[in-house]
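Below is one structure, written out as structure tokens; comments come after it.
Chains as they are written, first to last, in the numbering used here: chain A, 1 to 272; chain B, 1001 to 1350; chain C, 2001 to 2294.
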């Protein structure tokens, strides 16, 4: 067959229309094949079973993974799977219909995105808090003492970009301290900022206490008073479209229990 | 300066070992089948390939002598080369192609251009100065390639199958042209070809290469008369005669007329292949228009045939089967009649 | 004409090269062919493939906040990031040409040992996650890196977090595209032209400059385009090694990524700007080259 470019484009356009017609419907009712089964299994804790999918902020990776082992010891039939990532990305995925049971956000704003969309099953509960710390390479080669050092243009400094949560928090503490920071880089996330500290390429950055602890010996943390101005609250909620709502509820209760609190404290989080 | 090249080189499975000498102003045609090593000889002489042993010298200038650690780089040799397909640089105009060699030797741009234009004029392509090689015909490309090789006044000129890339009709014209240019050239020339007609038309000397060795060399007529291998015999054996075309008659320089099938005019060559010559003990009657008395000067057997060298008004070489030769009772000194059909006579411009 | 006669009798060995001039003619004819038949087995995957490549772009166009577009474009940060992107990608392409063409030449023409290992090494940045590439650059050129530490101690000069670092990161990631294209072009080019140049008195460098380079110019152009496009879109190595600071190191992809964190609409606008600028540039250059080549 002889095809012109115009004909080819027409075919492509037709294909495109067909695809959007299929994929556009957000109002398609959620499939609830598992709903019946799980509501029947509701009454007793010991009968919890099936997969449990938890979406959680990346900073919760280590502590949640650890807690999952304790949780499955009590509920051997539940298989916990995690999706760790930036809370903003997770919120978007949940609102786009990702099959998640629980959302643990690293900040209240991204939780609001989910609740406003109607994707949450109930009211979120703040289960822990995190505050900023100055992170410096082991040995603190640039002799950073406090937040005021961030105004020193001779130092190589990085903070998170204002658009990401740790950057927004940094902006808050600098405003509270009345300091105009002189930084060399606005990092995409905590991990990127910490990598540069670990390599000794930047003299200091601002990240959360939990990040400093997780980074191990190559990074040291320095406390500073203004950190109280930017306390970061972590809310958790079960989701409306949860395929396994009972296990979801059990997980939320487990995180809010003493066992959960203790594990969080070890990781550097503090009680709300 | 005369070329003296005696060297050996191994190229894959081919072991090439040759001993060649060419005097200034003379043309040596290296004849041989594909894969015999002809082009390898040229690559060694051009310096593109270093020999394993031996010596290559132009007069006093030693170009290669592996034993003495001597190897002159191709760009430092006074050697010009015309490649198969000519290899004109596609991104340069005709005049810039010709000027290339001078520019390499730091001749100022304007001067190199003037000189190149002079050469373009000499090869009759001045109106193509700005043309790109892709717009030239095969014959025109060959002339540009020749000018490009000659502009640096090399002591040695190498031509690798200069006519093979041309169609049959162009070939005749270009061959005559090339002959004229080679006659004007003062240095030594080596032409590689697999076409015996090139050898007959261009060569002062022929060297036949088979399997990396020179199997026979000498003046073309001599090689044709006394082939030493079957290949040489089948390859060369043409009787090449010069004359003047007068329509379907060619008047040879000796005064004898030869009937030809295609009309020809002006200075021409007449070529007759040995198997086209028929021999009769007495004067034959009938159709052949070319009938000449002849005497068998010599007879050389090869394979199942005998090559006879005939003298008479038209000198010819004839191939006979050994049986026919015996039945006719021929021997050197026998008087015979030779006939050739008009359409078996080849005519081409001189 | 007697040649066919001779051929028939097998008197004249036929040469493989004998008909080269005549063989060129059909090539010209084929390039003038119009409306070639496309087999269905090629057409269907081609259509699916085009849809696959084009639809995400269409998605961006549909979701773009057109009303805000002009306002966004007027934001100084956008222009700044765009200028920096084009500037650094162009410098990275030039650097890749200066360093990459010689690499390609070595890979295609030289007879050095371990060439295949060298080729594999050169193409490592293609498979290395760019963020890892950025860390690797730190380890060499950072102020505690192998070379960087010396630079820092001797001159008090540190590369990371500078515009130079952006160019370095982009060059690191994009240069293999150029090397591979140019090596391919060199291999496809007839090396006998270089022999011809040598017999005309041109030494190695002169031959390279006057013959080889012009012969592979289309391959270099194609490689440079790929290289520029890759450099323009570079994200991981840049944000790691050069950091992210508006005006000095924040290129468009970095701005897009950060905008995506809390302002997806802005990210779409920025992506579109990047898309339009790169498409316009490439189309324009292509036009130039094509008209020059004819």
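Note that CB positions come from ideal geometry on N, CA and C, so glycine has one too.
- A check of alpha carbon separations from residue 1264 (chain B) across B:1297, B:1193, B:1103, B:1342 identifies B:1342 as the nearest.
- Residue 1045 (chain B) sits away from residue 1038 (chain B), with the two beta carbons spaced by 8 Å or more.
- Here residue 137 (chain A) has 197, 200 as same chain residues with Cβ atoms under 6 Å from its own Cβ, once five neighbours each way along the sequence are excluded.
- For residue 90 (chain A), the closest alpha carbon among the candidates A:246, A:125, A:113 is that of A:113.
- Proximity to residue 84 (chain A) across A:103, A:78, A:72, A:134 peaks at A:103, based on C-alpha coordinates.
- For residue 1266 (chain B), the nearest beta carbon of chain C is not closer than 8 Å to its own beta carbon.
- Taking the Cα of residue 2138 (chain C) as reference, the smallest distance to any Cα among C:2128, C:2246, C:2149 is reached at C:2149.
- When the five nearest sequence neighbours on each side are left out, no beta carbon in the same chain lies closer than 8 Å to the beta carbon of residue 1180 (chain B).
- For residue 1159 (chain B), not one C-beta of chain C is nearer than 8 Å to its own C-beta.
- Look at the segment 1224 to 1304 of chain B and you find these whole runs of alpha helix (DSSP H), each 4 residues long or longer: 1230 to 1235.
- Cβ atoms of residue 1048 (chain B) and residue 1074 (chain B) come within 8 Å of each other, at about 5 Å.
- One finds nothing in chain C with a Cβ atom closer than 8 Å to the Cβ of residue 229 (chain A); even the nearest lies about 20 Å away.
- Judged by pairs of C-beta atoms under 8 Å, the segment 61 to 76 of chain A touches the segment 255 to 268 of chain A, as three or more such pairs exist.
- DSSP, reduced to helix, strand and coil, places residue 1217 (chain B) within a strand of the structure shown.
- For residue 237 (chain A), the enclosing beta strand (DSSP E) covers residues 232 to 238.
- Between residue 115 (chain A) and the set A:241, A:131, A:77, the nearest pair of CA atoms involves A:241.
- In this structure, residue 232 (chain A) sits away from residue 162 (chain A), with a CB-CB distance that is not shorter than 8 Å.
- Interface with chain C (8 Å Cβ-Cβ cutoff): residue 1046 (chain B) is included.
- By the neighbour-count criterion, in which 16 or more other beta carbons inside 10 Å mark a residue as buried, residue 1304 (chain B) falls on the exposed side.
- For the segment 2186 to 2207 of chain C, the residues whose beta carbon sits under 9 Å from a beta carbon of chain B are, in order, 2190, 2192, 2193, 2195, 2196, 2197, 2198, 2199, 2200, 2201, 2202, 2203, 2204, 2206, 2207.
- For residue 2240 (chain C), the CB contacts under 7 Å within the same chain, skipping 5 residues up- and downstream, are 2131, 2134, 2135 in chain order.
- The alpha carbon of residue 131 (chain A) has as its nearest neighbour, out of A:244, A:160, A:68, A:208, the alpha carbon of A:208.
- By the beta-carbon neighbour count (other beta carbons within 10 angstroms, threshold 16), residue 2156 (chain C) is exposed.
- For residue 2216 (chain C), the nearest beta carbon of chain B is not closer than 8 Å to its own beta carbon.
- Within the segment 1124 to 1185 of chain B, the complete alpha helix (DSSP H) runs of at least 4 residues fall at 1138 to 1150, 1168 to 1184.
- The DSSP-derived three-state label of residue 2112 (chain C) is coil.
- Taking the beta carbon of residue 2140 (chain C) as reference, no residue of chain B falls within 9 Å; the closest one sits roughly 39 Å away.
- Residue range 1109 to 1122 is occupied by the alpha helix (DSSP H) that includes residue 1120 (chain B).
- For residue 2211 (chain C), at least one C-beta of chain B is nearer than 8 Å to its own C-beta.
- Counting of Cβ neighbours within 10 angstroms places residue 2049 (chain C) among the exposed residues, the total staying below 16.
- It is roughly 17 Å from the alpha-carbon of residue 1321 (chain B) to the alpha-carbon of residue 1337 (chain B).
- Beta-bridge partners of residue 1348 (chain B) (DSSP): B:1269.
- At least one CB of chain C lies nearer than 8 Å to the CB of residue 1075 (chain B).
- Among the bridge pairs identified by DSSP, residue 208 (chain A) is matched with A:132.
- Within the same chain, 1271 come within 6 Å of residue 1346 (chain B) by CB-CB distance, once the 5 residues on both sides are set aside.
- The beta strand (DSSP E) runs lying completely inside the segment 119 to 175 of chain A and spanning 3 residues or more are 125 to 130, 132 to 137, 157 to 160, given in chain order.
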